[in-house]
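Line order of the protein sequences matches chains A and B. Letter by letter, the first sequence follows residues 33 to 582 in the working numbering. Letter by letter, the second sequence follows residues 95 to 444 in the working numbering. From the three backbone atoms N, C-alpha and C, an ideal C-beta is built for every residue, glycine too.
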Amino acid sequence: MNGKSILIIHLSRLGDTIQSLPAVKLLKEDNPGCCITYMGIRDFCVLIEGIPWIDRLITIPWRTVREIMGERKEGQTEILDRFMEKVPELGERYDLLINLTHDWSSSYLSGKIDAAEKKGRVFSENNEIVVSGNWGKYLFAVARNRRDNLLNLVDLYMGMTGVRHRPVVDFLPTDPELELRCRTRLMEMGADTGRLIIGFHLGANMASRRWPVENFVRLGKDLVDGLDARIVLFGSPGERELAEDFGRIAAFPFVDLVGGTPLAELPSFFRGIDLLVSNDTGPMHIAAAAGTKVVGIFMSVAFFGITGPYGDGHIVIQSAYPCCPCIDTTVCANPLCGEGITPGTVFQGVQMALDREGADSTHHDGAALYRSSFRDDGTMRYEPIDGGGDRFLPWLASFTHAQATIGQALWNRWLDIADSTSLVGDEESEGQRIDIVADFQNACRSYTEIYTRGIRTCRTILAEFSKRNPDGGSIRKLADQLSRGEEEIRDLEGPLPILKEMHELCMSETEVCNFPKLAREFLKTYETMTGTIRSFEETLREITPAPARP
Amino acid sequence: MRILVVGAVLGGTVPIGRSIYRGFQEIGIESDLLDFSVLEDEFRELWAAQDEQRSYRFHIRKKVMLLERITSFLPDAILGIAQSPLGDTAILPELKKAGITLCYWFTEDYRIFEYWKTIAPWFDHFFTIQQEPFRQELKTAGCDTCRYLPMAFDPHAGHPGETTGPEIAVSFVGAPYPNRVHFLSRFPGELEIYGEEWSRYPNPFVAVGDRRITEDEARSIYRRSRININLHSSALPRELGKGDFVNPRTFELAGMGCFQLTDMRRLLPLHFDPAREVPALSGWEEMTKAAEYFLAHERERAEMAEKARARVFREHTYRHRAEEIVALLEADHRGISSTDQRMAGATYER
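Now the structure itself:
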């Protein structure tokens, strides 16, 4: 790849932009002579201007992005064609194009851009959206099944860019002079050195994702009283109201920087604090990227599996409510899951992140705590911190995590992650693991049964067509059988929802054609999917606990 | 204010009419109940006979009964309950002209029962147990007066004082909808199924499957069960954890202080805490494993059932629903705009 040109399209939100940086850094590290062009949203790209592993930055104003991006609507192609004309870099030829954005418009742009190889969601030659590569497919398949995935978005981006997974640090460099200025400002505002400085980011883009301000105040008091900490509030100018609410309730001194820290300076400010407590937001990812310890609060639609802060030693507090993350796109105006995360639980999380002695790991009934670390294969994982007690919610959190862990082991092998089975920890109770493995085995059998039937039907159709006078009536019946099989797959439930999405993605790559070619296309997909299930079954056999000796 | 409640001829909505009528009485509203269930036997007979003329006469009789009661009781408002004969679009405009406020409580799944399309635009208040996208569809059908009014519990409906019969580990009471047939056939433990038409299915857990379970029988089963499985109905065999409305059984079991495990519903967290009052699960594996868990955790089960019961008595009896309807009608009377009323009801919005 040395000397090759690479274009990365990433017109996504702030957090996603930050989470893509480790992959970009590794891409440059692996291909030192390559030229990386990164297209992102201007408002967020102020953070990545001048970082050494991006050679060219194309920044698009948020207003334009809102205009051009999204799902298909009338006149969209004309708007995008005009946009391409205005951005000369999009008219160049690239060796590799990687589209990390999830929408129709970026797929259209990716289809139009001249590149020898394309990864991610792109328009095919037939103007169909296809997702190329296993990693790309996996990313899109987990979007609606987040509870079943434990791979962080950073690792998914690494997979999509094709780099070898390994831990990445210092992927958001800061200017030492600016850092000094920010530290000085913190000191001038009252965050004196020698004391523990803990930042609070009170905001989030949706009200339902915001942990209540009163809880932040109670946590602040506990941290001031218990750890002699100094609290610093961070946030955008639009979040001033939250800071004012905080100030009205808090009866302890704190530093209020809400609205006073331009985005470009935020990493430098975060380097000046010991830890940030934040809702699942872009600033949470900025803090992690700046190397600051993070305690992330995940509730409502937020789920730690994919968007937990990247790095070693962060703590996430995930609401254990059975409805969390929210089903569909509807969320409560006043989520109960936020109430389930108590200031006491977050206080424990802070102590754990700071490796303080005496961190009590019990009494977090409404929430589950996880700590991040790196696996031998270079991917990051969040491991549960036991301590919720023998109650329903901790039990449920443990069950769903065990289920996701086993599911992840299956997908890791499919994604070619070297050490997949190590995901299954010994701490899982054997009985629970046996039950969950059995559920997965049953699900595999259901899929295999449908695919075996489908393969047989496709072959019969092809055999019929090979006759001198094919029987139209029997071909129609066989085609109906195929349709029924597809319906059965759509109807399947159980612990493999990602597989169902994967099936849809593979079927979307099927060329639009008639029989008998269509039977060949279906046959190819069914055989591929059967191969996937076989690899799942093999992994399940490996992780099935050996029967106890008499 | 005088309110006439018009009930259904037969089916699961009949008790709703009786219960909301009791709710109005309880809060001192002058109300009356036109209980069409007195015609149930006749209706069943006609249904079996398939005699067109008799059927027509039967329909006329229902209309006459309705008009007679209206002219004798002289209500300010009429509340029709789902499946009630308050859907004659020739009569409805006349009632409106007479200054009667027309309300309808559509306590059904709009995707399965579609008669709302015809009747909804005629009502001043159309109450539903679902929100979006039903609200949008109602708007398209010409009804912009809909309002979310969830089901409730009637503490005065007959309950057996004592629990008779042996204890049941896990039970299910209800009709064999496709999702119930599918999931309950895969229940790994001890289970008892009660309900009409289950005998058609080869499920070894069916205890009573050839007749309808009476309300008293159902309550006895609820009380005797350590765990009541409350699986909402769905026409989709594999659907679990993605539905929206909360069924009457959720409120009934909770109100009776009986422990239940239910499938997650989008609207459930508005009424019950799905972790501490009415545990709700999003997958069948979770549901069956949760049943095992709760069988072994009696104290937690009892705590949750008690919390759910307390919640019902705080917020979810028919008295509470009656109060809400009356507040709305009084606001009408005072001339508060429908927009303000909708704003007032926004606590129920997502």
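| Check | Outcome |
| --- | --- |
| For F228 (chain B), which residues of its own chain have a beta-carbon under 7 Å away from its beta-carbon, when the five flanking residues on both sides are left out? | Y204 and T222 |
| I'd like the span of the beta strand (DSSP E) that includes F369 (chain B), first residue to last. | In the sequence under discussion, the amino acid at residue 369 (chain B) is Ala, which differs from the Phe named in the question. Neither: A369 (chain B) is in no beta strand (DSSP E) and is coded neither H nor E. |
| Quick check for students: name the residue ranges of the alpha helix (DSSP H) that lie wholly in the segment 230 to 269 of chain A, counting only runs of 4 or more. | 245 to 259 |
| Assuming W167 (chain A) is part of the alpha helix (DSSP H), what are its boundary residues? | N166 to V174 |
| If you scan the segment 517 to 571 of chain A from start to end, which runs of the alpha helix (DSSP H) of 4 or more residues do you find wholly inside it? | 529 to 540 |
| May I ask you to verify whether the segment 181 to 199 of chain A touches the segment 401 to 412 of chain A, counting CB pairs closer than 8 Å and requiring at least 3? | yes |
| Could you confirm whether any beta carbon from chain B is found closer than 7 Å to the beta carbon of P354 (chain A)? | yes |
| Return helix, strand or coil for L455 (chain A), following the three-state DSSP convention. | Note that L455 (chain A) scores a pLDDT of 49, beneath 50, so its modelled location is shaky; the value from the coordinates is reported in the next line. Three-state result, L455 (chain A): helix. |
| Counting along the chain, where does the alpha helix (DSSP H) carrying L183 (chain A) start and finish? | Unbroken run through L183 (chain A): none, as it is neither H nor E. |
| What residues in the segment 393 to 427 of chain A have a beta carbon less than 9 Å from any beta carbon of chain B? | D397, G398, D422, R423, F424, L425 and W427 |
| Looking only at its own chain, which residues have a Cβ that is under 6 Å from the Cβ of G343 (chain A), when we skip the five neighbours before and after it? | A320 |
| Who are the Cβ neighbours of V28 (chain A) in its own chain at under 8 Å, not counting the five residues just before and after it? | Missing from the structure shown is residue 28 (chain A); chain A here goes from 33 to 582 and no further. |
| In whole angstroms, what is the alpha-carbon distance linking Y316 (chain B) and S430 (chain A)? | 29 Å |
| Please compile the residues from chain A whose C-beta is within a distance smaller than 7 Å of the C-beta of L375 (chain B). | P354 |
| Name the one or two DSSP bridge partners that T356 (chain B) has. | B:N324 and B:A374 |
| Kindly identify the DSSP beta-bridge partner or partners of W199 (chain B). | B:I175 and B:F221 |
| Express the C-alpha separation of S567 (chain A) and K57 (chain A) in angstroms, rounding to a whole number. | 32 Å |
| Around the Cβ of M238 (chain A), are there at least 16 other Cβ atoms within 10 angstroms (buried) or fewer (exposed)? | exposed |
| For L27 (chain A) and F336 (chain A), I'd like the C-alpha separation in whole angstroms. | Summary: the structure shown does not reach residue 27 (chain A), with chain A confined to residues 33 through 582, and so no result is reported for it. |
| Between which two residues does the alpha helix (DSSP H) carrying L347 (chain B) extend? | P342 to G349 |
| Reducing DSSP to helix, strand and coil, say where I164 (chain B) ends up. | helix |
| Is the closest heavy atom of the ligand COA to the C-beta of R125 (chain A) under 6 Å? | No copy of the ligand COA occurs in the structure displayed, which carries no ligand at all. |
| What does a CB cutoff of less than 7 Å around P375 (chain A) pick up in its chain, not counting 5 residues either side in sequence? | N247, R250, L251 and D254 |
| Give me the Cβ distance between Y126 (chain A) and S37 (chain A), rounded to the nearest whole Å; I'm assuming they're in contact under 8 Å. | 5 Å |
| What does DSSP give as the partner residue(s) for M71 (chain A) in the beta ladder? | A:I41 and A:I90 |
| Pull the bridge partners of R241 (chain B) from the DSSP assignment, please. | B:F221 |
| Consider the Cβ of R395 (chain B): report whether some Cβ of chain D lies at a distance smaller than 7 Å. | Judged by its chain identifiers, the structure shown contains no chain D, and its protein chains are A and B. |
| Is I287 (chain B) helix, strand or coil by DSSP? | strand |
| Per DSSP, Q350 (chain A) is paired with what? | A:F330 and A:A400 |
| Please check the pair G377 (chain B) and R359 (chain B), which I expect to be a contact at CB under 8 Å, by giving their CB distance rounded to whole angstroms. | Not confirmed; about 14 Å, so no contact. |
| Do A176 (chain B) and E134 (chain B) have their C-beta atoms within less than 7 Å of each other? | no |
| Hey, would you say H219 (chain B) sits closer than 7 Å to T234 (chain B), going by beta carbons? | no |
| For Y483 (chain A), name the three-state secondary structure that DSSP assigns. | helix |
| For E536 (chain A), return the contacting residues in chain B, with the cut-off set at a CB-CB distance below 7 Å. | None at all; the shortest Cβ gap to chain B is about 16 Å. |
| Kindly indicate which three-state DSSP category S156 (chain A) falls into: helix, strand or coil? | coil |
| Quick check on the DSSP output: the alpha helix (DSSP H) that includes S314 (chain B) runs from which residue to which? | E309 to R318 |
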